[in-house]
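What follows is a single structure, written as structure tokens, with notes after it.
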Amino acid sequence: GAVVSQHPSRVICKSGTSVKIECRSLDFQATTMFWYRQFPKQSLMLMATSNEGSKATYEQGVEKDKFLINHASLTLSTLTVTSAHPEDSSFYICSARGVQANYGYTFGSGTRLTVV
Amino acid sequence: AQRVTQPEKLLSVFKGAPVELKCNYSYSGSPELFWYVQYSRQRLQLLLRHISRESIKGFTADLNKGETSFHLKKPFAQEEDSAMYYCALSGQGAQKLVFGQGTRLTINP
Chain A
-5 GAVVSQHPSR VICKSGTSVK IECRSLDFQA TTMFWYRQFP KQSLMLMATS
45 NEGSKATYEQ GVEKDKFLIN HASLTLSTLT VTSAHPEDSS FYICSARGVQ
95 ANYGYTFGSG TRLTVV
Chain B
57 AQRVTQPEKL LSVFKGAPVE LKCNYSYSGS PELFWYVQYS RQRLQLLLRH
107 ISRESIKGFT ADLNKGETSF HLKKPFAQEE DSAMYYCALS GQGAQKLVFG
157 QGTRLTINP
């Protein structure tokens, strides 16, 4: 079945530094990848949609300069949290949808970001 | 705009009792609806898609376009069903998947 690998699973960084999170589709080509943020005991909030080779589409209220998304290939998308602050601490989850619609949406295991 | 509402944040039932997790949606076109489950410390897993009309782990869900609902049901709850359940909607073209607030289901022995 479709598998999405997300790395790292946990990261701690200092305020002001940048952190990159990778999302890879291992056994299928993902034309579209999605990035979500999940606060404790809350649902997944869609941050942005990225299509391979084009600019990401950000949801309202999400700062595109703070959360840089790159989707350079059909199997890899990255989310870079720039100049991180403690309020950026959260659980970030990626999802990928394959070229064929019947692949559905497959989720990564998530990244716990803690900014100190 | 796409919107998914799960009115119950918490739901607790006894083992062997029927379970129904409610989901209502708002979308002007033809939606694609999903139920995802998240067990403790695990990633989100697809439970059901309305287009496949499958029954997974005894759960079923029927899309009711008149009531704009996609409620999840199981006739006899089991303890291993305790988890967080999310209803999600994908619209035509945009493809993005939007989630409801989630319902934490607890099955009591």
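Heads up: the protein sequence lines correspond to chains A and B, in order.
Read left to right, the first sequence gives residues -5 to 110 (my numbering).
Read left to right, the second sequence gives residues 57 to 165 (my numbering).
Just so you know, even glycine gets a beta-carbon here, dropped at the ideal spot from N, CA and C.
Predicted model only: the values in this text are computed from it and were never measured.
Query	Result
Pull up the CB-CB distance for K78 (chain B) and R160 (chain B), whole angstroms please, since I reckon it's below 8 Å.	Wrong, their Cβ atoms sit about 14 Å apart, outside the cutoff.
Who are the near neighbours of T108 (chain A) in its chain, counting only those whose CB is closer than 7 Å to its CB and skipping five residues on each side?	I6 and S83
Quick check on E16 (chain A): does DSSP put it in helix, strand or coil?	strand
Buried or exposed: where does R91 (chain A) fall if 16 or more other Cβ atoms within 10 Å of its Cβ makes it buried?	buried
How long is the line joining the alpha carbons of Y92 (chain B) and K71 (chain B), rounded to whole angstroms?	21 Å
Does any residue of chain A bring its CB to less than 8 Å from the CB of F132 (chain B)?	no
Is the beta carbon of C88 (chain A) less than 8 Å from the beta carbon of M39 (chain A)?	no
As a quick exercise: from A:S19, A:R4, A:D21 and A:L20, pick the residue whose alpha carbon is nearest that of V13 (chain A).	A:R4
Give me the residue from B:K121, B:G122 and B:F126 with the minimum Cα distance to F115 (chain B).	B:F126
Can you give me the C-alpha to C-alpha distance between H1 (chain A) and L20 (chain A), rounded to a whole angstrom?	13 Å
So, under 8 Å CB-CB, S211 (chain B) and E76 (chain B) are touching, yes? Tell me the CB distance rounded to an integer number of Å.	Outside the displayed range of chain B (57 to 165) lies residue 211 (chain B), so it cannot be described from this structure.
Excluding the five sequence neighbours on either side, which residues of its own chain have a C-beta within less than 6 Å of the C-beta of A57 (chain B), listed in chain order?	none
With a threshold of 16 other CB atoms inside 10 Å of the CB of V(-3) (chain A), please say whether the residue is buried or exposed.	exposed
Looking only at C-alpha atoms, which of B:L119, B:Y95 and B:S138 sits nearest to S68 (chain B)?	B:S138
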